[in-house]
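What follows is a single structure, written as structure tokens, with notes after it.
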Amino acid sequence: MEVTIRRPTVAGTFYPAARSELANMVDALLAIPAYVGPCPKVLIVPHAGYIYSGPIAASAFARIAPYSDQIERVVLVGPAHRVAVAGLVWPGVSRLATPLGELEVDVDAIAGVPELGANVAAHAREHSLEVELPFLQRVAPHAKVVPLVVGRARPDEVGRILEALWGGPETLILISSDLSHYEPYRIGRAHDERTVARIVDGDPTLDGSDACGAVAINGLSWVARAKQLRVELIDLRSSGDTAGKRDDVVGYGAFVGHEASS
């Protein structure tokens, strides 16, 4: 395949555009007590600007840092915020760029899933995947990426694609999603706590008011039972806890998922 590159579009807004500043910021966010435990199979992380959700996302990414040499593929799924999409689509490029360099897209894995079509426009200005990439470049630097945005899709449609790409210990499933949007602090926190309970319980009926990545999370819940996946919350905060006012907050949760054998 000819080398084609998806360039970053939210560098300088959601995260720093300067390479050294970005590297220092991500490394500082990841500088938390070392994780001791098995490598997660799944992460669910938020995708707002780093000053808002970076610490919450880092709490999950740090769990895979000790296994950086093991992870060869990351299946990254996030919501399409700007372009209407049916099903899941990839960007039709061979590489994804950030100020830290480029990540290789696993075009062979994508070719093995006929349901996945390419949609350049859906990825062109989408931030839900892009903001996760600098973290991946620090904690899983050798991994190829299967970058997918999802729009209208049933849980079983998303779940079957995740199942097709599931792989073994070399593959990480990464779901990008914020939680409640633009509610007062206490109301948003209560809403998020209800949503967390449903995610942990494997409820595949979340809607967009619960999480902007509800479609992807519902697909994960659909496949979780077959894979005997245990999902647990490791951090729950909102923009009111990090860098925003408390009258109108966005919720952020970090989750990890382990298969029963791990």
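For the sequence shown, my numbering gives the first residue as 483, with consecutive numbering after it.
Ideal placement from N, C-alpha and C gives every residue a C-beta, glycine not left out.
| DSSP state of E665, grouped into three classes? | By one-based count along the sequence shown, residue 665 stands at place 183. Note: E665 maps to strand in three-state DSSP.
| query | At a cut of 8 angstroms, does the segment 508-522 reach the segment 634-646 through at least three beta carbon pairs? | reply | No, the segment 508-522 does not touch the segment 634-646.
| request: Measure the C-alpha to C-alpha separation of R676 and S691 and round it to an integer number of angstroms. | output: Residue mapping note: residue 676 aligns to position 194 of the sequence shown, counting from 1. Residue mapping note: residue 691 aligns to position 209 of the sequence shown, counting from 1. If I take the Cα positions, the gap works out to 12 angstroms.
| said: Nearest by alpha-carbon distance to E584: which of A622, A604, A593, I716 is it? | reply: Taking the first residue of the sequence shown as position 1, residue 584 is located at position 102. For E584, the closest alpha carbon among the candidates A622, A604, A593, I716 is that of A622.
| Boundaries of the beta strand (DSSP E) in which A579 is found, first to last residue | Here residue 579 is taken as the residue at index 97 of the sequence shown, counted from 1. Per DSSP, A579 belongs to the beta strand (DSSP E) from 577-580.
| Taking the beta strand (DSSP E) that L598 falls in, what are its first and last residues? | Taking the sequence shown and counting its residues from 1, the one referred to as residue 598 is at position 116. Per DSSP, L598 belongs to no beta strand (DSSP E) and is neither H nor E.
| When DSSP labels each residue in this structure, what does H740 get in the three-state scheme? | Residue mapping note: residue 740 aligns to position 258 of the sequence shown, counting from 1. Strand at H740.
| query | In three-state DSSP terms, what is S610? | reply | Residue numbering aside, residue 610 sits at position 128 when the sequence shown is read from its first letter. Coil at S610, not helix or strand.
| Do the segment 719-728 and the segment 539-548 make contact, defined as three or more Cβ pairs closer than 8 angstroms? | They do not touch, by the three-pair rule.
| task | For I657, count neighbouring C-beta atoms within 10 Å of its own C-beta (all shown protein chains included) and say buried if the count is 16 or more, exposed if not. | result | Here residue 657 corresponds to residue number 175 of the sequence shown, with the count starting at 1. Buried, because 16 or more other Cβ atoms sit within 10 Å of the Cβ of I657.
| field | Same chain, Cβ closer than 7 angstroms to E652, neighbours up to 5 away in sequence not counted | value | Mapped onto the sequence shown, residue 652 falls at position 170. Excluding its 5 nearest sequence neighbours in each direction, E652 has C-beta neighbours in its own chain below 7 angstroms: Q552, I553, E554, R555, listed in chain order.
| query | Over what stretch of residues does the beta strand (DSSP E) that includes E584 continue unbroken? | reply | In the sequence shown, counting from the first residue as 1, residue 584 sits at position 102. Boundaries of the beta strand (DSSP E) around E584: 583-586.
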